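Undergrad: Read top to bottom, the protein sequences are chains A and B. Taking my numbering, the leading residue of the first sequence gets 1, the next gets one more, and so forth. Taking my numbering, the leading residue of the second sequence gets 288, the next gets one more, and so forth. Don't be surprised by glycine CBs; every beta carbon is placed ideally from N, CA and C. Note that the structure is a prediction, hence the values are computed from the model and not measured. Next up is a structure, given as structure tokens.
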Amino acid sequence: MTLSARLGGPAGDILGLQLPLGGGAAVADQLEPLRRLQTRFQSADALRETLERRRADGYQALLALGEARLFEAMGRKARPELPMLLPLVPSLRGFMREAVEHGMVGAGMRRVWRSGVLSLVGLGVRGLGQLGPLRRSDFPTFLRMFIDLELAAFARYDPPVVFLHPQMTDLAIALNNPRIIEAFHQAVADRTGAQAGLATENFGAATSALASWGIETAAMIAPWEAAGSHMRPSVDACVRAARACPFPIWADRLGRMEPPDEEDRELMKKAGVVGATRDDYAIWADA
Amino acid sequence: MSTADETKSWRGFAVAGLGKMGIMHAAMLGVVPGGRVAALVDAKEKTAQQVRSMGVEAPIFTDLSVCLDEVQPEGVFIASPQFAHRQLFELCLERGVPVFCEKPLAHTLADAEAMAAAAAGRPDLPVAVGFMLAHNPLFEKAAGMLAGGDLGRVCSFKASTRLSQVFAPMKGWTFSREQAGGGVLINSGCHLLMALQMMFGPPARVYVKATGVHNEVEDSLGAILEYANGVWGLVEVTWSVPGHELQTHDIEVTGSAGTLQVGNEILRLWLNQRSRQHPAGWSQWLRSRTEPLADFSLSPEYCGDEFYLEDKDFVEAVRKGRQPRVGVAEALMIQRLLEAMYRSMSEGRPVELAEGSER
Chain A
1 MTLSARLGGP AGDILGLQLP LGGGAAVADQ LEPLRRLQTR FQSADALRET LERRRADGYQ
61 ALLALGEARL FEAMGRKARP ELPMLLPLVP SLRGFMREAV EHGMVGAGMR RVWRSGVLSL
121 VGLGVRGLGQ LGPLRRSDFP TFLRMFIDLE LAAFARYDPP VVFLHPQMTD LAIALNNPRI
181 IEAFHQAVAD RTGAQAGLAT ENFGAATSAL ASWGIETAAM IAPWEAAGSH MRPSVDACVR
241 AARACPFPIW ADRLGRMEPP DEEDRELMKK AGVVGATRDD YAIWADA
Chain B
288 MSTADETKSW RGFAVAGLGK MGIMHAAMLG VVPGGRVAAL VDAKEKTAQQ VRSMGVEAPI
348 FTDLSVCLDE VQPEGVFIAS PQFAHRQLFE LCLERGVPVF CEKPLAHTLA DAEAMAAAAA
408 GRPDLPVAVG FMLAHNPLFE KAAGMLAGGD LGRVCSFKAS TRLSQVFAPM KGWTFSREQA
468 GGGVLINSGC HLLMALQMMF GPPARVYVKA TGVHNEVEDS LGAILEYANG VWGLVEVTWS
528 VPGHELQTHD IEVTGSAGTL QVGNEILRLW LNQRSRQHPA GWSQWLRSRT EPLADFSLSP
588 EYCGDEFYLE DKDFVEAVRK GRQPRVGVAE ALMIQRLLEA MYRSMSEGRP VELAEGSER
């Protein structure tokens, strides 16, 4: 079975929880419905019930950051009545907030050490062996340890694909540093049986960078909509690049609270984009 | 298009101060046309080493003066905390090096005025200040609509900067009055003040009430701004409100012909009757579909296009020997407004901008 068939639900879509769990940006007039949704999902039981309904509707997979509420809703292990989890790592939300107080390095160190000695031991000898480079401030090693820590919480759900957060993918591209992607691949391979995918906000640059680095990815998430918003460098260039991609692509809706319309679907079809990530209000409105 | 001979002479740019903003500028220099990082400068060598390990192939310096001697960069991005801006800024101008200085210009008006004087002494050198909202075409378009009379007689506005960041006592220079110059107003609200300045010019009088909900600096404030032409506005700035994981800047203007709403992502105009350019009712423009757009964005959901555009503008200004779009003159006006607002806050009374002395 292809990855897109295994993960895709109705219209090939996968679920997303970024907006409903309080992340991402929504414009002012979307805040009220979003707030109602976020209040509802304060309850792990309510979140679980809604996830069960979406699974019954045919949605097979859920893209998610590591959140305590989500893990509580999912229970101790993967269950067929719930969607498969597709981790999006690392979660930069809390990290960036801490960076305001402690700087980037300080925030990183705090996060690693706060996880506790037991967690570090839990990473195994390989993890402890990384502490030397960590002290020398080697960013890819640092990133790998971050991802290791997050994947430790996801591993019990047997995720089929783990996606690298777009800010990290795009940082690697901007800095022309394949070691960042390689560190991610290594962490995913070591910690899970999952395939490694990339999320990006710069699709054209991402496909070019991967080709020049000789790095393969299992799947990609990138902005797609008929109006062409955020489709860099251009809609035509993105369509051409997508059609040449051997891996499945899902459309990132970037905080849009409405579902993809017919024109969006038409463009996705033309480019071979298999579906969209859906964290819009419509998909969760019955919560 | 630049020739091969021209590009050979491009030495690249130094980035001084390697916190979040320094890393962002280093990354942007990897993607803006003609951009290149020539040196990484931070008082903490370990911090610079970490940034280099992200993939920035550039020598590390703990002293900007040594960097300028050895690397002779074409320009310097100053992204240190604002209390360190002046020293780095003046050093660059003394050595004849163009500067991009992060906002706010400084933590005090005295430092900002000294920096403006230094810049005035070197009008040949491009000097930019990182007020990225000024690179968002929606605010420029909104300013054009007000100036062009689309809204009829402009009466008043409501404006806010909101962020979900501070819900407990915080550590670090950002939350120190002595080092940052204040709290949420100088650190985050200054972007909103720049947008208001683009739309309404400088106010004549301000009255501010503020609260340090969790910290010695103000975490939330409310202000009334009054303008010489009779326009007045209510301003709210807070980093202690839920629901704004990413910072939002919103302005709603009331005029005799309708209402205008503008924020980071969307501009809406509502007219009570058709004008020469716009229909009656609502018209809207999305940032994601309004040129100029960035060729690369590290953060489309929070001003990623603007960060790219301001760095592109500075690199281009240096190469073409022109002044960047947002310079010291605009930044100094914001600093004077900040000074008046903090004075009003501490003295508990309205303050005329013309009063102008140090707190």
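Specify the secondary structure class of S296 (chain B) as computed by DSSP and reduced to three states.
TA: In the second sequence, residue 296 (chain B) corresponds to position 9, counting from 1. S296 (chain B): coil per DSSP, three-state reduction.
Undergrad: Give the straight-line distance between the Cα atoms of E642 (chain B) and L396 (chain B), rounded to the nearest whole angstrom.
TA: Along the second sequence, read from residue 1 onward, the residue named residue 642 (chain B) stands at position 355. Along the second sequence, read from residue 1 onward, the residue named residue 396 (chain B) stands at position 109. Distance between the alpha carbons of E642 (chain B) and L396 (chain B): 13 Å.
Undergrad: Could you check the C-alpha separation between G12 (chain A) and S451 (chain B) for me, to the nearest Å?
TA: Along the first sequence, read from residue 1 onward, the residue named residue 12 (chain A) stands at position 12. Along the second sequence, read from residue 1 onward, the residue named residue 451 (chain B) stands at position 164. Distance between the alpha carbons of G12 (chain A) and S451 (chain B) is about 34 Å.
Undergrad: Pick helix, strand or coil for P233 (chain A), following the three-state DSSP scheme.
TA: Sequence index remark: in the first sequence, residue 233 (chain A) carries index 233 (1-based). P233 (chain A) falls in the coil class under three-state DSSP.
Undergrad: Using a Cβ cut-off of 8 Å (strictly closer), state whether H165 (chain A) contacts chain B.
TA: For the purposes of this step, residue 165 (chain A) is identified with residue 165 of the first sequence, where counting begins at 1. No, H165 (chain A) does not count as interfacial toward chain B.
Undergrad: So that I know if they touch, is there some Cβ in chain A lying closer than 8 Å to that of L585 (chain B)?
TA: Taking the first residue of the second sequence as 1, we reach residue 585 (chain B) at position 298. Yes - at least one Cβ of chain A is within 8 Å of the one on L585 (chain B).
Undergrad: Would you mind working out which of A:M1, A:A78, A:L7 and A:L15 sits nearest P259 (chain A), comparing C-alpha positions?
TA: For the purposes of this step, residue 259 (chain A) is taken as residue 259 along the first sequence, with counting starting at 1. Out of A:M1, A:A78, A:L7 and A:L15, A:L15 has the C-alpha closest to the C-alpha of P259 (chain A).
Undergrad: Residues in its own chain within less than 6 Å of A44 (chain A) by CB, not counting five upstream and five downstream?
TA: For this step, residue 44 (chain A) is matched to residue 44 along the first sequence. Excluding sequence neighbours, A44 (chain A) sits near R69, E72 and A73.
Undergrad: Evaluate contact between the region 273 to 286 of chain A and the region 550 to 564 of chain B, counting only Cβ atoms and requiring at least three cross-stretch pairs below 8 Å.
TA: Not touching, per the Cβ criterion.
Undergrad: Would you kindly report the start and end of the unbroken beta strand (DSSP E) that includes P87 (chain A)?
TA: Your numbering for residue 87 (chain A) matches position 87 in the first sequence. Element bounds for P87 (chain A): M84 to V89.
Undergrad: Name the two residues that bound the continuous beta strand (DSSP E) containing C442 (chain B).
TA: To locate residue 442 (chain B), count along the second sequence from 1; it is residue 155. V441 to R449 is the span of the beta strand (DSSP E), which, as asked, contains C442 (chain B).
Undergrad: Against S212 (chain A), what residues of chain B qualify as contacts under a CB-to-CB distance less than 8 Å, listed in chain order?
TA: Translated into positions along the first sequence, residue 212 (chain A) becomes position 212. Simply none; closest approach about 14 Å.
Undergrad: I need the DSSP call for Y494 (chain B), collapsed to helix, strand or coil.
TA: Position 207 of the second sequence, counted from the first residue, corresponds to residue 494 (chain B). Y494 (chain B): strand per DSSP, three-state reduction.
Undergrad: Give the interface partners of R179 (chain A) over in chain B, defined as CB-CB distance under 8 Å, in chain order.
TA: Translated into positions along the first sequence, residue 179 (chain A) becomes position 179. What R179 (chain A) touches in chain B: G342.
Undergrad: I'd like the list of long-range same chain contacts for E617 (chain B), defined as Cβ closer than 8 Å, with 5 residues on each side in sequence excluded.
TA: Indexing the second sequence from 1 puts residue 617 (chain B) at position 330. Here the set comprises V416, F418, A421, M481 and Q484.
Undergrad: Per the contact definition of three or more C-beta pairs closer than 8 Å, is the region 531 to 545 of chain B in contact with the region 454 to 463 of chain B?
TA: Flag = no, the region 454 to 463 of chain B and the region 531 to 545 of chain B do not touch.
Undergrad: Say whether chain A places a C-beta atom closer than 8 Å to the C-beta of V602 (chain B).
TA: One-based indexing of the second sequence puts residue 602 (chain B) at position 315. Closer than 8 Å: no.
Undergrad: Taking all protein chains shown into account, decide if M308 (chain B) is buried (16 or more other Cβ within 10 angstroms of its Cβ) or exposed.
TA: As a position in the second sequence, residue 308 (chain B) is number 21, starting the count at 1. Classification for M308 (chain B): buried.
Undergrad: Taking only the alpha-carbon atoms, compute the straight-line gap between E578 (chain B) and L31 (chain A) and give it to the nearest angstrom.
TA: Translated into the one-based positions of the second sequence, residue 578 (chain B) becomes position 291. Translated into the one-based positions of the first sequence, residue 31 (chain A) becomes position 31. About 26 Å.
Undergrad: Does A174 (chain A) get closer than 8 Å to chain B when you measure Cβ to Cβ?
TA: The residue given as residue 174 (chain A) occupies position 174 in the first sequence. Yes, because at least one Cβ of chain B sits closer than 8 Å to the Cβ of A174 (chain A).
Undergrad: To which residues of the same chain is A430 (chain B) closer than 6 Å at the C-beta, ignoring the five residues directly before and after it?
TA: Residue 430 (chain B) sits at position 143 when you count from the first residue of the second sequence. M485 and M486, listed in sequence order.
Undergrad: Report the rounded CA-to-CA distance for T50 (chain A) versus A5 (chain A), giving the unit in angstroms.
TA: For the purposes of this step, residue 50 (chain A) is identified with residue 50 of the first sequence, where counting begins at 1. For the purposes of this step, residue 5 (chain A) is identified with residue 5 of the first sequence, where counting begins at 1. Approximately 22 Å, taken between the alpha carbons.
Undergrad: Okay, do the region 370 to 389 of chain B and the region 208 to 218 of chain A touch, 3+ Cβ pairs below 8 Å being the bar?
TA: No contact exists between the region 370 to 389 of chain B and the region 208 to 218 of chain A.
Undergrad: Could you tell me which uninterrupted beta strand (DSSP E) segments, each at least 3 residues in length, are contained entirely in the region 395 to 438 of chain B, listed from first to last along the chain?
TA: If we require 3 residues or more, the beta strand (DSSP E) runs fully inside the region 395 to 438 of chain B come out as 414 to 417.
Undergrad: Counting along the chain, where does the beta strand (DSSP E) carrying I473 (chain B) start and finish?
TA: On the second sequence, position 186 is the one that residue 473 (chain B) refers to. That residue, I473 (chain B), is in no beta strand (DSSP E); it is neither H nor E in DSSP.
Undergrad: If you draw a straight line from the alpha carbon of S296 (chain B) to that of R323 (chain B), how long is it in whole angstroms?
TA: Against the second sequence, residue 296 (chain B) aligns to sequence position 9. Against the second sequence, residue 323 (chain B) aligns to sequence position 36. Computed Cα separation, rounded: 12 Å.
Undergrad: Tell me the rounded alpha-carbon separation between S631 (chain B) and F601 (chain B).
TA: As a first step, residue 631 (chain B) must be located in the second sequence, where it is residue number 344. As a first step, residue 601 (chain B) must be located in the second sequence, where it is residue number 314. Roughly 35 Å separates the two Cα atoms.
Undergrad: Given this structure, state the Cα-to-Cα distance separating P80 (chain A) from Q186 (chain A), to the nearest angstrom.
TA: In the first sequence, residue 80 (chain A) corresponds to position 80, counting from 1. In the first sequence, residue 186 (chain A) corresponds to position 186, counting from 1. When rounded, the distance between both Cα atoms is 28 Å.
Undergrad: Beta carbon of L585 (chain B), beta carbon of L171 (chain A): below 8 Å?
TA: One-based indexing of the second sequence puts residue 585 (chain B) at position 298. One-based indexing of the first sequence puts residue 171 (chain A) at position 171. In contact: L585 (chain B) and L171 (chain A) (Cβ atoms closer than 8 Å).
Undergrad: Kindly list the residues whose CB is nearer than 6 Å to the CB of L123 (chain A), restricted to its own chain and excluding five residues on each side of it in sequence; keep chain order.
TA: On the first sequence, residue 123 (chain A) is found 123 positions in, with the first residue counted as 1. Per-residue confidence for L123 (chain A) stands at a pLDDT of 45, beneath the threshold of 50, marking its modelled position as unreliable; the derived number appears in the next sentence. D148, listed in sequence order.
Undergrad: M485 (chain B) by DSSP, collapsed to three states: which one?
TA: Numbered from its first residue, the second sequence carries residue 485 (chain B) at position 198. In this structure, M485 (chain B) counts as helix in the three-state DSSP scheme.
Undergrad: Between B:D398, B:I347, B:R623 and B:P320, which lies nearest to H372 (chain B) when the distance is taken from Cα to Cα?
TA: On the second sequence, position 85 is the one that residue 372 (chain B) refers to. Nearest of B:D398, B:I347, B:R623 and B:P320 to H372 (chain B), Cα basis: B:D398.
Undergrad: Report the rounded CA-to-CA distance for A205 (chain A) versus I621 (chain B), giving the unit in angstroms.
TA: Position 205 of the first sequence, counting from 1, holds the residue named residue 205 (chain A). Position 334 of the second sequence, counting from 1, holds the residue named residue 621 (chain B). Spanning the two alpha carbons is a distance of roughly 37 Å.
Undergrad: Run the CB neighbour count on W526 (chain B), radius 10 Å, all protein chains shown included, and call it buried at 16 or more, exposed below.
TA: Position 239 of the second sequence, counted from the start, is the residue given in the question as residue 526 (chain B). That one is buried.
Undergrad: By the 10 Å Cβ neighbour count, where 16 or more other Cβ atoms means buried, how is P87 (chain A) classified, buried or exposed?
TA: Along the first sequence, read from residue 1 onward, the residue named residue 87 (chain A) stands at position 87. Under this definition P87 (chain A) is a buried residue.
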